[in-house]
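For the sequence shown, the positions run 4 to 98 when this note's numbering is used. Here a beta-carbon is modelled for each residue, glycine too, at the ideal position from N, C-alpha and C.
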Amino acid sequence: MLEHEFDDVYVDRIGDLVLVKGRYLIFTFAARLNCAEGRYELSWPWIWPILLTLLLGSVPGMVLFSLVLLVILAYKAGRLERGIKLAATALTRRD
C-alpha cells in the first residue's frame with residue numbers, strides 16, 4: 004500500500020520492531036512500530052514548509068507554495084500513519 008504513496012519505501016524488521024522509511028520528493032518520512040506493544044512513532048518533515056514560510060515570506064507566491072507543501076506533506080504523513088496502523092493490527096494478531 005505504501006509503495007503507491009512514496010517514491011521509495013524501506014521496511015526492516017528487527018525482533019519486535021518494524022522500521023519503515025518512505026521518501027517523497029526530497030523529504031523522508033519514518034515510522035517505528037513496536038509489534039509487542041502495538042505502539043508506533045511517526046516522524047515527518049513538517050519543519051521545512053514552516054522554515055520556507057519564515058525565510059521566504061516576503062517573496063510573493065512562496066507563502067502559498069509553502070502552505071501547499073505543508074498540506075501535501077501532512078497528507079503523506081497521514082497515509083504513512085494509516086499504513087502503520089494497519090500493519091500494527093496485522094502484526095500484533097499474527098505474533
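Between L22 and W49, the alpha-carbon positions lie close to 20 angstroms from each other. Pairing A91 with Y43 gives a Cβ-Cβ distance under 8 angstroms.
Membership of I17 in the beta strand (DSSP E) is indicated by the continuous run 11-17. Residue burial is scored here from C-beta neighbours: P52 has at least 16 other C-beta atoms within 10 angstroms and is therefore classed as buried. Here the alpha carbon of L67 sits roughly 10 angstroms from the alpha carbon of L73.
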